[in-house]
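If you want it as structure tokens, here you go:
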């Protein structure tokens, strides 16, 4: 294996273009039965209008610089995986309203502008730890990878990856963008709490994981991935010499990188040297997903190494992914109080390292679902009367508001104690 330093040099010297990732190993690759059909689908996508404007990408880039410098805060939230069936005006409007309410809580509490960043209008593809699963009848099929790739119901015919779903997903993402823009000025539905205005130009920006590289490459015009304002690479796809890092390193879009408790500080610096060659504040958002009991051990060395190397990323905490567990009935869920504990621990870790937490990254929905639980049950018995997620559990509207409120109160309480 080549030394990491030589890998970094090799990557940075390569000529970049929207499809240069094809020369590298693709982690979490999707195996399509017919490559020609995939090529046809991506060719159709390349002809379609951009979902977001280049000027909006630049606007977010500027906004994230302000977050990195401690002058703003970002609230990023939405579904683990968006479902095609949920691309409806009422559901989309509730998601947007929730983000706006959360942003208003932060803005009023911290007295800073807030960037609203949705996991929306394209979060249709998902990585998986296991690529196959066995159905109750014993049939082995492809694991569900998101509505952009295959269908959720369990039979072998619909579980085969279908490139035509990419085209459907693009139309639905465009419809979602239209709904978000309409919702900006339309009156809120009767059962919602409205969408309070928050400082800023573009009311809401969009983001998703840049997992499906044929899709992302097809929608990239020059150095702008027009599928979203911001894209991120995950824990499973951030290999230094991998295809996903190769793709995002040449983009003008703000780039997110998911970081878990096993992340190595030296490799993180090497990754930043590839993606953020000019050390621009806010160019990269580091989204830490440690698990509540790992933050105090795993996060400080990363913060110190990044700052020592001269990088100024946006530090965001994802308190969801590191705190997922299964009930005795094998239902995936998350404990709200544990997620809040991770946010508080992350805030303290940054404070103790002369850094600052710049944002929250939450899997949530504006609907009153029952997928996460508020309190620990000693017997492990939980009730989920309205579990609708097609992938991981999401915070309900009330839970998502609780998380933000408790964090703001906690952070402000620390500041008050410091001034006392």
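Residue numbers (our numbering): 379 to 798.
Backbone N, C-alpha and C fix where the C-beta goes; we use that ideal spot for every residue, glycine too.
Under the three-state reduction of DSSP, residue 608 is assigned to strand. Sixteen is the threshold: when 16 or more other Cβ atoms of the shown chains lie within 10 Å of the Cβ of residue 496, as they do, the residue is buried. DSSP places residue 603 within a strand segment (E or B) once states are collapsed to three.
Under the Cβ criterion (8 Å, minimum of three pairs), the stretch 745-759 does not count as touching the stretch 428-448.
Counting of Cβ neighbours within 10 angstroms places residue 741 among the buried residues, the total reaching 16 or more.
DSSP, read as helix, strand or coil, puts residue 704 in strand. Beta-bridge partners assigned by DSSP to residue 737: 452, 694.
Residue pairing for residue 583: DSSP places it in a beta bridge opposite 495. Under the DSSP definition of a beta bridge, residue 520 partners with 510. In this structure residue 649 is not in contact with residue 609, their Cβ atoms being roughly 15 Å apart against a cut-off of 8 Å. Here residue 419 has 541, 542, 544, 545 as same chain residues with Cβ atoms under 7 Å from its own Cβ, once five neighbours each way along the sequence are excluded. A Cβ-Cβ distance of about 6 Å is found for the pair residue 484 and residue 786, placing them in contact under the 8 Å criterion.
Scanning 666, 793, 797 for the CA closest to the CA of residue 677 turns up 666.
Annotation for residue 474: the continuous alpha helix (DSSP H) segment containing it runs 467-488. The C-beta of residue 411 has fewer than 16 other C-beta atoms within 10 Å across all chains shown, which makes the residue exposed.
If you draw a straight line from the Cα of residue 719 to the Cα of residue 704, it is about 19 Å long. For the pair residue 625 and residue 607, the CB atoms are not nearer than the 8 Å cut-off. Counting every other CB atom within 10 Å of its CB across the protein chains shown gives residue 510 a total below 16, marking it as exposed. Cβ neighbours of residue 706 within its own chain (closer than 7 Å, five residues either side excluded): 758.
Setting aside the 5 residues that flank it on each side, residue 753 is surrounded in the same chain by 715, each with a C-beta closer than 7 Å to its C-beta; the list follows chain order. By a beta-carbon distance limit of 8 Å, residue 694 contacts residue 739. Their separation comes to about 5 Å.
Here the alpha carbons of residue 528 and residue 424 stand approximately 21 Å from one another. Residue 709 and residue 760 have their C-alpha atoms roughly 9 Å apart. Remark: C-beta atoms of residue 641 and residue 680 approach each other more closely than 8 Å. Under DSSP, residue 598 takes part in a beta bridge, and its partners are 603. The beta-bridge partner set that DSSP reports for residue 712 consists of 702.
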